[in-house]
Every structure is written in C-alpha cells, then in structure tokens.
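First up is the structure itself, then whatever we jot down about it.
Numbering (this note's numbering), first residue to last: 489 to 580.
What follows is the structure, given as structure tokens:
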C-alpha cells in the first residue's frame with residue numbers, strides 16, 4: 489500500500505493483495521486520514537485473481553496517513569475470509 493499527495497489536496501493510493509485461492513468477493517478499501525478532512529477509497533467487487541492491485545484517489549485535506557483497515561477483506565471460493573494486515577503509509 490502506498491499513498492501520495494498531489495496538488496488540490498488529491499490523495500492517490502495504490503493497494504492490493506495476494507492470497508492462496510480464488511477470490512469470489514471483496515470489500516477492500518483505504519482510509520485516507522488527513523489533519524483536516526478524511527475520505528475512504530473503495531475497491532469493491534466480485535471475483536478477482538488471487539493477486540490483485542488497484543489505484544484510486546480522493547480529496548483529503550492536510551498531512552496524514554492512509555491505511556487499509558483490518559476490516560478490509562476478501563472472500564475465497566472455499567468460504568475462507570482473508571483480512572488486511574492494516575498496511576499504512578504517511579503523506580505530507
């Protein structure tokens with residue numbers, strides 16, 4: 489997971505996961521927490537390969553951090569659930 493602040497208070501993030509098995513659903517998101525405002529970038533969806541990455545962005549005012557919270561997860565075809573280990577990145 490990485491986060492970078494751009495002009496106009498735009499926060500760009502890159503995130504992803506790698507799991508064993510086929511992903512049939514996901515609830516994956518990044519919380520951008522700024523000193524003044526915060527925002528959430530969602531990566532919802534259906535099936536994906538076992539390795540996935542994506543980019544997104546949102547307006548976040550002030551320096552802060554971006555984190556994929558522990559509650560972000562994927563559901564595997566065997567019924568297993570894999571949760572995020574809460575990677576974090578700081579931005580200025």
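Beta carbons: idealized from backbone N, C-alpha and C, even for Gly.
Given residue i, which residues of its chain have a CB within under 6 Å of its CB, disregarding the five upstream and five downstream residues?
| i | result |
| --- | --- |
| residue 554 | 491, 501, 518, 520, 577 |
| residue 536 | 511 |
| residue 543 | 502 |
| residue 569 | 561, 563 |
Pick out whichever of the options has its Cα sitting closest to the Cα of residue i.
| i | options | result |
| --- | --- | --- |
| residue 532 | 541, 524, 580 | 541 |
| residue 561 | 495, 503, 527 | 503 |
| residue 565 | 507, 574, 529, 527 | 507 |
Can you list, in chain order, the residues of its chain whose CB lies under 7 Å from that of residue i, leaving out five sequence neighbours each side?
| i | result |
| --- | --- |
| residue 498 | 545, 547 |
| residue 529 | 501, 517, 518, 520, 544, 545, 546 |
| residue 567 | none |
Cutting at 8 Å between CB atoms, please list the residues of its own chain near residue i, excluding the five before and the five after it.
| i | result |
| --- | --- |
| residue 523 | 549, 550, 551, 552 |
| residue 526 | 519, 520, 548, 552 |
| residue 496 | 547 |
Could you round the C-beta distance between residue i and residue j to whole angstroms and report it? I think they count as a contact, below 8 Å.
| i | j | result |
| --- | --- | --- |
| residue 572 | residue 556 | 4 Å |
| residue 579 | residue 493 | 4 Å |
Quickly, what does DSSP pair residue i with across the bridge? List them, please.
| i | result |
| --- | --- |
| residue 526 | 521 |
| residue 506 | 539 |
| residue 569 | 563 |
Are the C-beta atoms of residue i and some chain C residue less than 8 Å apart?
| i | result |
| --- | --- |
| residue 572 | This model lacks chain C altogether; it includes just one protein chain. |
Cβ contact check for the region 542-550 and the region 505-512: 3 or more pairs under 8 Å: With the cut-off at 8 Å, the region 542-550 and the region 505-512 do not touch.
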